[in-house]
Each structure stands twice: as structure tokens, then as C-alpha cells.
Amino acid sequence: MGNTMENIDTSTQHEVKTVKEVFDTTSPFFEQMKIKVFPATSHTPVVRHFKFKESSLTRLMLWAAAANLPAGFFGAEMKRNMYTYGPSGCGKTRLVEAFASRTGRPMFREQCSKETTLSDLFGSWKLCGKDQGMKWVYGKVCQWAKTPNAILLLDEWDQVPADVAMGLNGVLDGAPIHLDQTDEIIKIAPGCMIMATGNTNGRGSAGGQGGSAAIYKGTQKMNFANQDRFNVMFETYLTEEEEIDLLKSETRANPLAAKAMASLAAKIRANFIGLNEDAGANGMAFQFTITTRNVLNWSMNFSLLTQMGKRPEDAYVEALRMTVLDFASKDEASAILATWSTIMGTTSQP
């Protein structure tokens with residue numbers, strides 16, 4: 000008989016706060032809504048600034064509600080897991096980290112790849128020094144399952160081989176974890192939640208507008224039985240106005256500089272084949288894009304270069320090249336710099 004580990008929820012201490020207060024939203028939809036906020040642990044991410052879109056926050060709240068429903072609340076079984084996909088660098092992982100940070104939930108992140116194995120996820124025997132010998136080391140899935148109110152983040156889930164993903168189906172259903180190697184049974188702790196992320200929709204498309212998944216090397220079509228256990232959320236880049244606000248608040252960019260940078264990012268993304276089916280309809284189709292992460296770094300590199308004494312017009316280009324543009328092909332880089340020149344000619348000098 001295996002050793003059954005009963006996980007007792009010892010972290011029931013929590014505050015109940017309004018969603019508007021916790022997530023700093025002004026949307027009337029959340030006016031009367033409340034959420035539990037737990038004491039932060041060493042596994043709780045720290046994200047100080049993040050702006051939640053109403054559509055994203057709505058699905059996150061539904062995800063949290065479904066994951067914490069008592070057994071038998073509905074007659075039918077409700078899906079309790081979320082798969083979030085979208086283009087590289089649009090903030091999928093940051094979204095989950097910010098949600099965990101605001102609610103105090105511990106988070107266990109597994110960085111997945113085509114090399115990921117079930118041993119990576121659940122654990123394995125490891126040699127821990129000549130005096131200790133072989134020791135069982137729990138993987139992130141088991142660590143998560145033993146931690147009440149925790150979030151398991153399966154990053155780049157569409158990279159995982161189908162047979163490995165199928166090995167997690169029982170966990171996605173909420174079933175106890177059976178570790179044959181240790182003759183142990185781990186019951187999933189109360190309040191635990193699962194989020195997976197990827198660049199594709201799991202069916203060969205990379206975007207809500209029919210972008211090509213070929214740009215994301217190593218991604219695979221998900222087994223339908225595995226995919227069917229997730230609700231889904233599509234995330235994409237910020238709008239120009241949202242990105243302008245982010246640049247001003249996070250990098251102290253002046254309004255005109257922020258506007259010019261956000262404008263270039265939007266134009267590049269419109270022609271990115273990994274996001275749009277008709278990429279290139281209004282210019283060259285790019286296998287390259289500029290992510291939100293890189294827009295922020297462009298602005299910060301620009302700021303440092305100007306403080307070093309570089310002329311602003313040169314600092315913009317040098318910072319752009321250093322941050323991301325030198326990854327592009329020669330033709331793509333030339334087209335992007337031509338677009339930047341046009342923007343600077345039609346925008347007052349920042």
C-alpha cells in the first residue's frame with residue numbers, strides 16, 4: 000500500500016479584497032467582485048507594476064473561480080485549467096506572474112521544451128553527494144501539488160511532446176499523483192491552479208489573425224485529449240496607446256518619444272508573419288517582430304545613450320539596433336529603418 004499524503008490547507012488565513020483594489024481596475028464589470036488574497040511566500044512572484052486588460056482579467060477571474068469551486072458544485076465537471084497563447088514577448092508569462100503577485104499565490108514555473116520529460120515534471124532520483132547517496136527530488140508538478148493555493152505555470156507548453164503532455168492528463172483532471180518510484184500518492188492541495196502558455200493555438204496557428212506557427216521552431220500540434228482539458232485565452236501585444244502609457248510609466252520616456260517608439264512597434268507587428276495571415280499586405284512581410292519587452296529596453300537603452308552624450312537622433316537608431324534590430328535580416332532592417340525615418344519626419348522631434 001502506498002503512502003498517501005493528505006495535504007491540509009494550512010494557508011486558509013487570507014484577506015478578502017475587492018477586485019478593483021487588488022488589480023487596480025476601473026472597469027464597472029468588477030465593481031462588486033471580491034477575491035481572496037493570501038500571505039505571500041518565498042514562491043510568490045514580485046511584480047510591482049502591471050496593467051490588466053479587462054478581457055484578460057475577466058478570464059483570469061473565471062479561471063480562479065472554476066479552480067476553487069467545491070466538488071459537485073455543478074452536476075458536470077468543469078474545466079479548471081487555462082491555456083494562454085500569443086506572440087512571443089507579448090506578456091503571457093508576466094500576466095500569470097502579476098496575477099500570482101497580486102493575490103499572494105505561490106507559483107511554480109516549469110520551462111518546457113521538446114526535451115521535457117515526465118521525470119522533469121514529476122521528479123527523479125538524483126545523486127546528492129557521497130554521504131547522502133541517491134535522493135528523490137520532486138519536480139515542479141509535485142512541489143505545486145503539495146502547496147495549497149499555488150499556481151503551476153507550464154511555460155511553452157506547445158513545445159512538449161504529445162506523449163509527455165498526455166502524462167499530465169490525470170493532474171489536469173484533479174486526480175491524485177501516483178509516484179511509482181517512491182510508492183507515494185500525493186493528493187493535490189486545495190486551491191491549486193494550472194496555467195499553460197504557448198505561442199500557438201495548439202492546432203498549427205500562431206495568432207488570432209491566422210499567423211504562421213512555422214516562425215516558432217519546435218512547436219507541435221497538441222493532442223486533442225490534452226488540449227480539451229484547458230479553457231483558452233489569446234493574448235497579443237498592447238495597443239499603441241497602451242504601449243505609450245507603459246513606456247512613460249516604466250521607462251520615464253517623454254510623451255513624444257513614447258509615441259514614436261510605439262508607432263514603429265505597431266507597424267512592425269502589422270507585417271509579422273507570426274501574428275497576421277495577411278502580413279506584408281502593406282509592405283514587406285517580416286519573420287521578425289519587436290516585443291513589448293524589447294520596446295521597453297529600446298527606450299531604456301536610448302535613455303542611457305543620451306546620458307552618455309550621444310545625439311538623440313543617433314541614440315534612437317543605435318539603441319534600436321542594440322536591443323533587437325541587429326537580429327533582423329538586412330532587408331528587414333533596412334525596411335524598418337526607412338519606416339523609422341518616416342515616423343521621425345512626421346512626428347515632432349522628441
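For the sequence shown, numbering that gives the first Met the number 0 gives the first residue as 0, with consecutive numbering after it. Don't be surprised by glycine CBs; every beta carbon is placed ideally from N, CA and C. Note that the structure is a prediction, hence the values are computed from the model and not measured.
Round the Cβ separation of residue i and residue j to the nearest angstrom and send it over; I've been treating them as touching at under 8 angstroms.
i	j	result
Thr199	Thr218	5 angstroms
Asn296	Thr338	Wrong, their Cβ atoms sit about 19 angstroms apart, outside the cutoff.
Phe51	Phe28	That pair is no contact at about 12 angstroms.
Gly138	Asp119	6 angstroms
Thr196	Thr43	Not confirmed; about 19 angstroms, so no contact.
Met194	Leu152	5 angstroms
Arg202	Lys216	Not a contact, Cβ separation roughly 17 angstroms.
Leu304	Ala314	4 angstroms
Gly190	Pro160	Contact doesn't hold; Cβ gap of about 30 angstroms is too wide.
Would you mind stating whether residue i and residue j have Cβ atoms separated by less than 8 angstroms?
i	j	result
Phe37	Arg101	no
Ala261	Ile243	yes
Ala264	Val294	yes
Ala224	Asn168	yes
Asn230	Leu171	no
Ile150	Ala99	yes
Met32	Met60	yes
Ala188	Lys145	yes
Ala97	Met192	no
Ala291	Leu237	Just to set this straight, residue 291 is Thr in the shown sequence, not Ala. Cβ distance < 8 angstroms, so Thr291 and Leu237 count as in contact.
Ser55	Met232	yes
CB-CB under 6 angstroms to residue i, same chain, minus the five flanking residues each way: which ones, in chain order?
i	result
Lys16	Val36
Val140	Leu120, Phe121
Glu53	Ser26
Gln142	Phe107
Cys127	Lys134
Ala66	Arg79, Met192
Glu312	none
Phe49	Ala97
Leu319	Trp297
Gly344	none
So, at 7 angstroms on beta carbons, what are the nonlocal neighbours of residue i in its own chain, with the 5 sequence-adjacent residues on each side left out?
i	result
Lys309	Glu317
Glu5	The predicted position of Glu5 is uncertain, since its pLDDT is 38 and thus under 50; a value taken from the coordinates is nonetheless stated next. Cβ neighbours of Glu5 beyond the five flanking positions: Lys186.
Leu68	Met77
Ile342	Ala259, Ser262, Leu263
Ala39	Gly103
Val45	Ser100
Gly88	Thr290, Thr291, Arg292, Asn293
Glu14	Val36
Lys247	Pro254, Ala257
Glu239	Ala261, Ser262, Ala265
Tell me which residues share the same chain as residue i and place their Cβ nearer than 8 angstroms to its Cβ, disregarding the 5 neighbours each side in the sequence.
i	result
Gln180	Gly122, Ser123, Trp124, Trp135
Glu331	Met283, Phe285, Gln286, Phe287
Met165	Asn222, Ala224, Asn225
Phe326	Phe287
Val163	Thr115, Thr116, Leu117, Leu120
Gln12	Phe37, Pro38
Cys111	Leu153, Asp154, Glu155, Trp156, Gln158, Val159
Arg228	Lys78, Asn80, Asn168, Leu171, Asp172
Ser328	Gln286, Phe287
Glu30	Lys19
Thr24	Val18, Phe51, Glu53, Leu56
Glu109	Thr115, Asp119, Leu120, Gly138, Lys139, Val140, Leu151, Leu152, Leu153, Asp154
Alpha helix (DSSP H) segments (min. 4 residues) lying fully within the segment 70–158
As far as the segment 70–158 is concerned, its whole alpha helix (DSSP H) runs of at least 4 residues are 91–102, 117–121, 139–144.
Can you confirm whether the segment 130–137 touches the segment 150–164 when touching is taken to mean that 3 or more C-beta pairs between the two stretches lie within less than 8 angstroms?
Fewer than three beta-carbon pairs drawn from the segment 150–164 and the segment 130–137 are found closer than 8 angstroms, and the two stretches are therefore not classed as touching.
Hey, is the segment 103–116 in contact with the segment 82–90, meaning 3+ C-beta pairs nearer than 8 angstroms?
Short answer: they don't touch.
Using 8 angstroms as the cut-off, can you tell me whether the segment 246–254 makes contact with the segment 299–315, which would need three or more C-beta pairs spanning the two stretches below that distance?
Counting Cβ pairs under 8 angstroms, three or more are found: they touch.
Which runs of the alpha helix (DSSP H) at least 4 residues long sit entirely within the segment 234–314? Give them in chain order.
If we require 4 residues or more, the alpha helix (DSSP H) runs fully inside the segment 234–314 come out as 239–250, 254–269, 291–306.
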